[in-house]
Amino acid sequence: RGTRRERSWAGMGCAALLWGAILLACSCGPGPPRVGAAPLLAATYVLDDANGLGREFDGIGAVSGGGATSRLLVNYQEPYRSQILDYLFKPNFGASLHILKVEIGGDAQSTDGTEPSHMHYENDENYFRGYEWWLMKEAKKRNPNIKLIGLPWAFPGWIGKGENWPYDYPDITAYYIVSWILGAKQYHDLDIDYIGIWNERAFNSKYIKLLRYTLDKHGLEQVRIIASDRLWEPISFVMMIDSELHGVVDVIGAHYPGTKTVQNAILTGKKLWSSEDYSTFNDDVGAGCWARILNQNYVNGNMTSTIAWNLVASYYEDLPFGRCGLMTAQEPWSGHYKVESPIWITAHTTQFTQPGWSYLQVDGHLEGGGSFVALTDGLGNLTIIIETMSHNHSKCIRPPLPNFNVVPQRATFYLRGSFYMVETLQVWHSRFDFESGHSSLFQQLHPVQVWKGRFSLDLKEDEVYTLTTLKTGRKCGFPEPPPPQPFPSNYNDDFNIRNPPFSEAPNFADQTGVFEYFVNASDPGDHVFTLRQVVVQRPITWVSDADQTISVIGNFKWVNMTVTCDIYIEKPRDGGVFIAGRVDNGGIYVRRSKGVFFWVFADGTYRVTGDLAGKEVLMKGLAGVRDNAWHTLTLNIQGNSASGLLNGYLLWENVTISNPGNGWAALGTRSFEFAQFDNFHVE
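Numbering (mature numbering (1 follows the signal peptide of the UniProt record, and there is no 0)), first residue to last: -28 to -1, 1 to 655.
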C-alpha cells in the first residue's frame, strides 16, 4: 500500500508529520489591516496567577463499557491492535488519555451488549473474564500514570436475591464491588483510583457509606468514590443535609450536563466532573461537540474532568449508537480502523496538561463566541486552549444546544504574574472545513512571539488552538491500516482452543446472557471445547434485557444465509436453544428483535418464530430432540422462504418470511439456562 517514499514517511511517524506542520505555519499577531476588510471584533483577556489559581484539573478520559463497546477490539491482529491502543493511550502520540473508565461487568445488557461479571454466582470468582482487565493493563503499559475508574451498570442476579435491586443487601453489593477492586490488584497489579455507585440509576446513601467502610476495612483508603453518575440532583442536595455522606463522596459526577452545573453542587465544595459525556457520532460535528464541551464544561460548569462515552467504537455499527467513540475499530477481520477527528481534538488538551495542573481564574468566554481555558503546572508552564466552534457544527447527541453565534475575532492576551516572562508559545491548530470536508487537524504552526507579556490571535469560526510553553506535543501516525472489508461471507468457529486469550469467542456479540469458552471434561472427544451460555438467573438489569439469551454475529446487511450449529440443551423438560438469521436488533432494543428463529426444546418439540420473544410462531411440530445430547441444527434463508434441518435431515420447509429483509446470524437459549454450542458455521 503506497509508494516506497510514502511508506518510509509513514514509518518516520512523528518526525515526518512535524515537518508537514512547519510548512503550514501562520503568523499570529496584529499585522497590517486588510484593505476593504470589515474590522474584526477585538477583545482583550488577562491571564494572571498573582491572586491564586482556579480548580485543580483532574484529566480527560473515556469509557470502555456500558456496554461491550470494546468487544471487537480484542480480536484485532497485531500490529493493528497495538496501533489502536497507542492512538488512545500513548503519551504525546494521539489522544494521550489521562483517565480510563471501565464497566464492572454485570452479565446484563448495558447498551451495545453484555459484559461478563467476575462473579456469575455467589460462590464463583474469576478475574480473567471479558476484556476490561486486559484493556486497563494495556493502558497502564503505555501510560503508568493513567487513572482507572470502575463503575457497574448491572449486577448478577444473586446480589438481589431475586429482586431487580442492588441495595436490599448493601453489604453483599459492597463486598462484590470491593472484590473486583481487590482482584484487579491481586491478579493484574492494577490500582483502581475511583469507584462509582450504579450507572444512571438511583443511589442509596446507606450503601455509599457502607462501601466506604468496606473499602477502608480492606486497606483501600486511597480509592475515591464518585456519585452518582446521573444528574447533579438529588445527590448534591442530599450531601448538603447529610454530613456523613458528604464526608465519603469525593467527586460529584454528572452525565451529559450540557456544560452547566447547579448551585448545590458548587456549595458542596467537592470536585465536579462530567463523568460521562459526548456519545456523539465521530465525524467532524462530533469532534466539534467534543472541542466545545472540553472547554465549556469548566468555563460554564466548573467541571474539572470530562469523560467520553465511548473510548473506541469496537462494536457492530448497526447496534445502538454506532460509531460514537473517539475512534473507530469495528473490523478485526480486515484489520481496518480509522483515527477519527475527536482523537486529535482530545490531543489539544491532553498532550499539554496533566491531572494535578490547575485552571487559571478567568471568565473564559470569548467576546465573539467560543471559549478558552488556561492551565498551569505551577512551575511556570502555561497551556491555553481556545475553541470557536459554531452552533451547528458542535451539536452533541444530548442535551439540546441553545442557539449562539460565533464571529471572526481578534483576541489579545495579556500574560501577568509568573507568566509575564514567557517569550514564546508553541502553537497547535485545528480548522474544520465543513464545505470541502478537508479539515486540518492538530497541526503545529510557527511559535507565537510574546512581546512584553502580550500577543494577539485572529480567530475564525470552527477552529481550535492550543498555545503552550510545552515543546513535547507530537502528532504521530502509522502506515495506513488495511482497507475495509465486510464480515467474511463464509465463517466458522469450532471453539477448539485450549488456553483462549479471552473468555469469549471472537466476533460473537452477546446481547443477553454471557457465552464463554467451555471445557467439557466429560465429553468423549467430539465436543470437548465448546461455547456455553452461563447466566442462569436474570441479572439486576440496567435496561430491558430479553427473557431469552442471544449472541449475534456477522454482517447486518446479510439477506440470504445458511446457519449451522451443533447444540446441547442442558436444562431438562423446559430447556431450549435456537439458531437464527436476519436478526434486526440488539443492544438496548434486544427485546424487540425480529428475524428467523429456529428453536428446539428438551420436550422434543421445535418452533420457527419471527421474533426472539417467540410470540410470532411461523411453524411448529415434533423434532425428537432431547436434553443432554448433541444435535445439529441448520437454518437456510433464501429470499422470502426458509427451511430447517435437524441432524442433516429436512425438518421443515417453505416457511414464508416477509420481514426483516436482512440482519445478523445468532444463537441463544429459551431462558437463562446452561446450554452449549459447537461447530458454528454461517455462509
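Cβ coordinates follow ideal geometry from the N, Cα and C atoms, glycine included.
Burial state of residue i (16 or more Cβ within 10 Å)
| i | result |
| --- | --- |
| residue 398 | buried |
| residue 116 | exposed |
| residue 550 | buried |
| residue 434 | buried |
| residue 95 | exposed |
| residue 183 | buried |
| residue -14 | In this prediction, residue -14 scores a pLDDT of 39, lower than 50, which makes its location untrustworthy; the coordinate-derived value is nonetheless stated afterwards. The residue is exposed, with fewer than 16 neighbouring Cβ atoms inside 10 Å. |
| residue 545 | exposed |
| residue 470 | exposed |
| residue 235 | exposed |
| residue 370 | exposed |
| residue 648 | buried |
| residue 361 | buried |
| residue -5 | With a pLDDT of 37 at residue -5, under the threshold of 50, the modelled position of that residue is not reliable, and the figure given next carries that caveat. Label assigned to residue -5: exposed. |
| residue 322 | buried |
Bridge-paired residues (DSSP) for residue i
| i | result |
| --- | --- |
| residue 280 | 34 and 249 |
| residue 538 | 604 and 650 |
| residue 74 | 36 and 122 |
| residue 593 | 578 |
| residue 227 | 248 |
| residue 400 | 416 and 438 |
| residue 355 | 347 and 440 |
| residue 427 | 385 |
| residue 618 | 605 and 621 |
| residue 522 | 484 and 640 |
| residue 583 | 566 |
| residue 634 | According to DSSP, which records beta bridges pairwise, residue 634 is partnered with nothing at all. |
Residue i (DSSP reduced to helix, strand or coil)
| i | result |
| --- | --- |
| residue 435 | strand |
| residue 564 | helix |
| residue 410 | coil |
| residue 653 | strand |
| residue 261 | helix |
| residue 385 | strand |
| residue 170 | coil |
| residue 571 | strand |
| residue 489 | strand |
| residue 482 | strand |
| residue 367 | coil |
| residue 218 | helix |
| residue 348 | strand |
| residue 56 | helix |
| residue 17 | strand |
| residue 548 | strand |
| residue -1 | For residue -1, the pLDDT reaches just 44, beneath the cut-off of 50, and the residue's location in the model is therefore unreliable, leaving the point undetermined. |
| residue 512 | strand |
Residue-chain proximity (residue i, chain B), Cβ-Cβ < 7 Å
| i | result |
| --- | --- |
| residue 523 | Considering every chain present, this structure includes no chain B. It has just one protein chain. |
Residue i versus residue j: straight-line alpha-carbon distance, rounded
| i | j | result |
| --- | --- | --- |
| residue 444 | residue 65 | 10 Å |
| residue 517 | residue 584 | 12 Å |
| residue 424 | residue 56 | 43 Å |
| residue 609 | residue 262 | 43 Å |
| residue 11 | residue 432 | 13 Å |
| residue 457 | residue 102 | 26 Å |
| residue 404 | residue 395 | 29 Å |
| residue 47 | residue 229 | 35 Å |
| residue 238 | residue 211 | 11 Å |
| residue 390 | residue 333 | 14 Å |
| residue 618 | residue 604 | 6 Å |
| residue 194 | residue 181 | 15 Å |
| residue 615 | residue 84 | 30 Å |
| residue 377 | residue 386 | 25 Å |
| residue 302 | residue 450 | 18 Å |
7 Å Cβ cutoff met for residue i and residue j
| i | j | result |
| --- | --- | --- |
| residue 347 | residue 29 | yes |
| residue 511 | residue 79 | yes |
| residue 345 | residue 250 | no |
| residue 34 | residue 244 | no |
| residue 411 | residue 165 | no |
| residue 653 | residue 536 | yes |
| residue 482 | residue 428 | no |
| residue 42 | residue 286 | yes |
| residue 430 | residue 382 | yes |
| residue 580 | residue 507 | no |
| residue 198 | residue 247 | yes |
| residue 555 | residue 493 | no |
| residue 315 | residue 439 | no |
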